[in-house]
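Student: Quick one: the structure is below, questions incoming.
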Amino acid sequence: MNFDQLSKKFNKNGYVYIENLFSESLMDAYHEKILNHFASNSKHIHDESFLDKSDTDVIPWFPQLDGEKIFSIVEDDIRLTNLTENILGKGWRSLYSMVMFSSRSSNGQAWHQDCTSEDKCFFNLNRLIYTMDINASTGGEIVVIASSHKRGMIPPSALGKNIGDEIVISPKKGSLLLLHGNIWHKVLPINNNIRASTNYRCVPKNTPDDITDICVYRNMLYRFSDKRVLVNRD
Ligand SMILES: O=C(O)CCC(=O)C(=O)O
Ligand SMILES: [Fe+2]
1322 MNFDQLSKKF NKNGYVYIEN LFSESLMDAY HEKILNHFAS NSKHIHDESF
1372 LDKSDTDVIP WFPQLDGEKI FSIVEDDIRL TNLTENILGK GWRSLYSMVM
1422 FSSRSSNGQA WHQDCTSEDK CFFNLNRLIY TMDINASTGG EIVVIASSHK
1472 RGMIPPSALG KNIGDEIVIS PKKGSLLLLH GNIWHKVLPI NNNIRASTNY
1522 RCVPKNTPDD ITDICVYRNM LYRFSDKRVL VNRD
């Protein structure tokens, strides 16, 4: 793995996608844990008005907080920690691992940025790993606008559908997708199957823990901690 090259690519484009990083057997073990958990926990924890207005349909789970030790294997992977340090510099830290689960035929996620972009030094880095293939047949592909992490706030809905050249990423089982929290991104609707991704979120030195509390959608700024629409943008 050429860490310098990958890190340059990440800085330029705001994302990097790497296939075949994690073994089939590890991904199967993760996926089984995920399916077991959501077999009995597939209720939404977001309130209905958020789901409606954000057009976002995912249910989170924090497996390491539930004592699922196997989820430390990816977090401690030396290739992942080296690449992370190359991108974020010394003093970066992990926030948590979060599985995001979508039920069959659900909406995916509307265009958004995970955090605001006022201070360029502070952002979250999503380190997403995929325990299943995601493609046109499953739905749920990720769409990004390359380099948009340098373009400030995602345009409001009023500016229309086209906000740049869309790149569709169809992650394979065992792959890693690094996404800058300021990049404009969305998740396409899910077809007749469930969808899961596992995100090892981390941040550069001195970034506040609650960096992703305010999410930027094209139609609003939403604060998760008190479930408030801070700004209506449409
Ligand atoms: O689940 C994914 O593939 C990406 C979800 C997302 O928007 C994120 O991790 O910030
Ligand atoms: Fe996101």
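Quick note: to get the numbering used here, add 1321 to the position in the sequence shown (first position is 1). Note that beta-carbon positions come from the ideal geometry of N, C-alpha and C, so glycine has one too.
(1) What are the boundary residues of the beta strand (DSSP E) that includes K1507?
(2) Can you tell me whether DSSP reads I1455 as helix, strand or coil?
(3) Check whether the segment 1441 to 1454 and the segment 1501 to 1510 touch, using three or more Cβ-Cβ pairs below 8 angstroms as the test.
(4) Taking 7 angstroms as the cut-off, is the beta-carbon of L1497 closer than that to any non-hydrogen atom of ligand 1?
(5) Strictly by DSSP, which residues pair up with S1418?
(6) So, for N1407: in the same chain, excluding its five sequence neighbours on each side, which residues have a beta-carbon less than 8 angstroms away from its beta-carbon?
(7) What does the alpha-carbon distance come out to for the pair E1340 and S1491?
(8) Mapping DSSP to helix, strand and coil, what is I1484?
(9) For W1382, collect the residues of the same chain with a Cβ closer than 6 angstroms to its Cβ; drop the 5 residues on either side in sequence, then sort them by chain order.
(10) Considering only the alpha carbon of each residue, which of V1465, I1515 and D1454 lies closest to G1335?
(11) Since I believe K1507 is in contact with D1454 (beta carbons under 8 angstroms), could you give me their beta-carbon distance rounded to a whole number of angstroms?
(12) Going straight from the alpha carbon of W1432 to that of P1510, what length do you get?
(13) Mapping DSSP to helix, strand and coil, what is N1553?
(14) Can you tell me which of D1378, Y1417 and V1379 puts its alpha carbon nearest to the alpha carbon of D1387?
(15) Does at least one heavy atom of ligand 1 sit under 7 angstroms from the Cβ of M1421?
(16) Counting only beta-carbon separations shorter than 8 angstroms, does N1341 have a partner in chain C?
(17) Where does V1464 sit, in a helix, a strand or coil, going by DSSP?
(18) Suppose the cutoff is 6 angstroms on Cβ atoms and the five residues either side in sequence are ignored; what does the same chain contact list for N1520 look like?
(19) Could you tell me the boundaries of the beta strand (DSSP E) in which R1448 lies?
Tutor: According to the data block:
(1) Counting from 1 along the sequence shown, the entry for residue 1507 is found at position 186. For K1507, the enclosing beta strand (DSSP E) begins and ends at H1506 to V1508.
(2) Here residue 1455 corresponds to residue number 134 of the sequence shown, with the count starting at 1. In the three-state reduction of the DSSP assignment, I1455 falls in the coil class.
(3) Using a C-beta cut-off of 8 angstroms, the segment 1441 to 1454 makes contact with the segment 1501 to 1510, since at least three inter-stretch Cβ pairs fall below that distance.
(4) For the purposes of this step, residue 1497 is taken as the residue at position 176 of the sequence shown. Closer than 7 angstroms to some heavy atom of ligand 1: that does not describe the Cβ of L1497.
(5) If you number the sequence shown from 1, residue 1418 lands on position 97. S1418 has Y1521 as its beta-bridge partners, per DSSP.
(6) Position 86 of the sequence shown, counted from the first residue, corresponds to residue 1407. F1324, D1325, L1327 and S1328.
(7) Stepping through the sequence shown from its first residue, residue 1340 is reached at position 19. Stepping through the sequence shown from its first residue, residue 1491 is reached at position 170. Between E1340 and S1491, the C-alpha separation is close to 10 angstroms.
(8) Position 163 of the sequence shown, counting from 1, holds the residue named residue 1484. Three-state DSSP puts I1484 in coil, outside helix and strand.
(9) Stepping through the sequence shown from its first residue, residue 1382 is reached at position 61. H1358 and V1420.
(10) Within the sequence shown, numbered from 1, the residue matching residue 1335 stands at position 14. Nearest Cα to G1335 within the set V1465, I1515 and D1454: V1465.
(11) Against the sequence shown, residue 1454 aligns to sequence position 133. Against the sequence shown, residue 1507 aligns to sequence position 186. At roughly 19 angstroms, the Cβ-Cβ gap does not stay under 8 angstroms, so D1454 and K1507 are not in contact.
(12) Within the sequence shown, numbered from 1, the residue matching residue 1432 stands at position 111. Within the sequence shown, numbered from 1, the residue matching residue 1510 stands at position 189. So the two alpha carbons sit approximately 12 angstroms from each other.
(13) As a working mapping, residue 1553 is identified with position 232 in the sequence shown. Three-state result, N1553: strand.
(14) The sequence position of residue 1387 within the sequence shown is 66, counting from 1. Of the listed residues, the one whose Cα sits closest to D1387 is Y1417.
(15) Here residue 1421 corresponds to residue number 100 of the sequence shown, with the count starting at 1. For M1421, the CB falls within less than 7 angstroms of some heavy atom of ligand 1.
(16) In the structure shown, chain C does not exist; there is a single protein chain.
(17) Against the sequence shown, residue 1464 aligns to sequence position 143. Collapsing the DSSP output to three states places V1464 in a strand.
(18) Looking up residue 1520 in the sequence shown gives position 199. Cβ neighbours of N1520 beyond the five flanking positions: M1419, N1447 and L1449.
(19) Within the sequence shown, numbered from 1, the residue matching residue 1448 stands at position 127. Boundaries of the beta strand (DSSP E) around R1448: L1446 to I1450.
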